[in-house]
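Participant: Numbering (the numbering used here), first residue to last: 9 to 188. Sending over a structure as structure tokens; questions will come in a sec.
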């Protein structure tokens, strides 16, 4: 999942954009030598919390985990600070957190994962929203984030991600906005 800094907090640099040509994105990832790590089906349940964001992710293949994170809603590449807790009983935790905190929204997606250097390239098909590219440059402990910003900028150029395609908010916020 990524190196851990103090307090168990991990960091990465993220960028999210609309993907008008998913097949071209797959081709480009292969052309640059990114490792194809396959397809993951994910169901993210977001809970109402007073600070940051809290989601339970159930994925196949994989095991459930709880993610607490903070990230600014801006279209450019930005830092995300997060904690991950692996779980054995995702369904039980979802029921408990839903009862205690309330569910804000659920996001369902099909994610094609490519790995390039220290960057996770997510080619996402999000139910109710469409196709997206998400870049996550995972920062090693103690990084000043310069290399991570550089990797994201390089991939942005290679993948042809224009300013007009950038997304300021995550899938949860976009789904909430689309429902209103």
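For each residue, glycine too, the CB sits at the ideal point set by N, CA and C. From a predicted model like this one, the values you see are computed outputs, not experimental measurements.
1) Quick one: what does DSSP say residue 177 is sitting in, helix, strand or coil?
2) Below 8 Å between beta carbons: does that hold for residue 117 and residue 50?
3) Assuming residue 55 contacts residue 111 (C-beta within less than 8 Å), just tell me the rounded distance between them.
4) Residue 87 to residue 103, Cα distance in whole Å?
5) Would the region 155-173 and the region 55-66 be scored as touching if the rule is three or more Cβ pairs under 8 Å?
6) By DSSP's criteria, residue 123 is part of a beta bridge. Which residues make up the other side?
7) Just to confirm the assignment: which complete alpha helix (DSSP H) runs, minimum length 4, are found wholly within the region 80-121?
8) Do residue 21 and residue 89 have their beta-carbon atoms positioned less than 8 Å apart in this structure?
9) Could you pull out every residue in the same chain whose Cβ sits closer than 8 Å to the Cβ of residue 114, ignoring the five residues on either side in sequence?
10) What do you reckon, are the CB atoms on residue 140 and residue 129 nearer than 8 Å?
11) Buried or exposed for residue 36, please, with buried defined as at least 16 other CB atoms from any protein chain shown within 10 angstroms of its CB.
12) Taking the alpha helix (DSSP H) that residue 166 falls in, what are its first and last residues?
13) Using 10 angstroms around the beta-carbon of residue 9, count the other beta-carbons present and answer buried if the total reaches 16, otherwise exposed.
14) Helix, strand or coil, according to DSSP, for residue 171 in the structure here?
15) Could you tell me how far apart the beta carbons of residue 25 and residue 184 are, in whole angstroms, since I believe they sit closer than 8 Å?
16) Could you check which residue in 147, 40, 172 and 179 has the C-alpha nearest to that of residue 135?
17) Which of the three DSSP states, helix, strand or coil, is assigned to residue 17?
Facilitator: Inspection of the coordinates gives the following:
1) coil
2) Yes, Cβ-Cβ distance for residue 117 and residue 50 is below 8 Å.
3) 6 Å
4) 30 Å
5) no
6) When DSSP reads this structure, residue 123 sits in a beta bridge with 43 and 128.
7) You should have 98-109.
8) no
9) 51, 52, 53 and 54
10) No, Cβ-Cβ distance for residue 140 and residue 129 is not below 8 Å.
11) Of the residues assessed, residue 36 falls on the buried side of the cut-off, its CB having 16 or more other CB atoms within 10 angstroms.
12) 154-166
13) Note on residue 9: pLDDT 39, under 50, position unreliable in the model; the coordinate value appears next. By the 10 Å Cβ count, residue 9 comes out exposed.
14) helix
15) Residue 25 to residue 184, Cβ: 19 Å. No contact.
16) 179
17) coil
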